[in-house]
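Residue 849 in our numbering sits at position 32 of the sequence shown; the count goes up by one each step and never skips. Ideal Cβ positions, reconstructed from N, Cα and C, are used throughout, including at glycine. What follows is a set of notes on a single structure, which appears directly below.
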Amino acid sequence: MVQTATKPRRRRYTRRDYQAFLYIAPWLLGFVVLQLYPFIMSLLYSFCNYSLGSSVKFIGLDNYVRLFTRDADFVKSLKATGIFTLAVVPGKLILSLAVAMFLNRDMRGINLARTVYYIPSLFGGSVAVAVLWKVLFQDNGIVNAYINALGLQTIQFWGDPRYALGTICSLEIWQFGSSMVMSLAALKQVPASLYEAASIDGANAWHRFWHVTIPQISPVLFFNLIMQTIQALQNFTSASVITNGGPLKSTYVMGLKLYKEAFTNFKMGYASAISWVMFLIIMAVTLLLFRFSSAWVSYDD
């Protein structure tokens, strides 16, 4: 007797299924309109000569060729962004870990101290903090007042290319609260038995830190490294508010270059090309960090 294959029954959607689609519809709509559509259109515009109020003209790779061969300001923005990232990311990671280790102890008022150290991160990336930093380091600001009190000459933090970018880096490093909180949480998860065993074996404080603490909290350190690198490569607010890219383009980071091309020169096609170069740089750096993470990041089974 020959058995015929039964045709699979088509699933019938119930009222609960349609309710689920209805609940996720706002997110889907926001994702498509605010993320997916701009993402695709920016890629298309990067191959076009497109300015606000004019028609779109396809020009192929001309925008990208111009970026790397004829735009001296873009090269300066790459350099400024690279220096900024190499200064801010290690500085913030080291400072946040040092403060987390200091706060990882039982002492009177420790909860208040943790709160105080976290407060600057609440205002991260805000215009108000950037303005405050600008006032503190201006020629007649508080910082120069202390410098003059020591008998030293006034330092032009915002007028001298040697100091401008470094001063902006100090602003970003100062806002280490989020990384500190995550490092503190990771430190509290390190078993005390590991430190006791290391001490019995004769390990000093440095050996315990390097061979016990760092491996145990390495996943959190790696997460902070990734997130801080991405944020540093996208920096815009502090450079825009404080120096507007000056002096002599020493703080002209890529985020500011992108903004000026799009909303000052209204060259949307050219700005889209810059945004995609930024995206590729961020993706390449992130993949590179993941590639070498296995050498120092250890995960528990």
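- Between the segment 1016-1030 and the segment 1072-1081, the count of Cβ pairs shorter than 8 Å is below three; the stretches do not touch.
- Per DSSP, the continuous alpha helix (DSSP H) segment holding TRP844 begins and ends at 832-848.
- The beta-carbon distance between ILE1059 and LYS951, rounded to whole angstroms, is 5 Å. This is short enough to meet the 8 Å contact definition.
- Bridge pairing for PHE875: CYS865 [DSSP].
- Taking MET1095 as the centre and dropping the five residues before and after it, the same chain places the C-beta of MET1071 closer than 6 Å to its C-beta, in chain order.
- Within the model, the alpha-carbon separation for SER995 versus ILE876 is close to 44 Å.
- Looking at the backbone, the Cα of GLN836 and that of ALA842 are separated by about 10 Å.
- In the DSSP annotation of this structure, the continuous segment of the alpha helix (DSSP H) that includes ILE1031 starts and ends at 1031-1050.
- By a beta-carbon distance limit of 8 Å, TYR1012 does not contact SER894. Their separation comes to about 46 Å.
- Excluding residues up to 5 positions away in sequence, VAL906 and LYS909 lie with their Cβ nearer than 6 Å to the Cβ of GLN1045 in the same chain.
- LYS1074 sits in a helix when the DSSP states are folded into three classes.
- If you look at PRO978, you'll find it in the alpha helix (DSSP H) that goes 978-991.
- The C-beta separation of ASN921 from LEU1004 comes to about 5 Å, placing the pair in contact by the 8 Å criterion.
- Straight across, the Cα-Cα distance linking MET858 with LEU967 is about 56 Å.
- Taking 8 Å as the upper bound for CB-CB distance, SER1000 and SER1110 are not in contact here, some 17 Å apart.
- For LYS1084, the three-state secondary structure derived from DSSP is strand.
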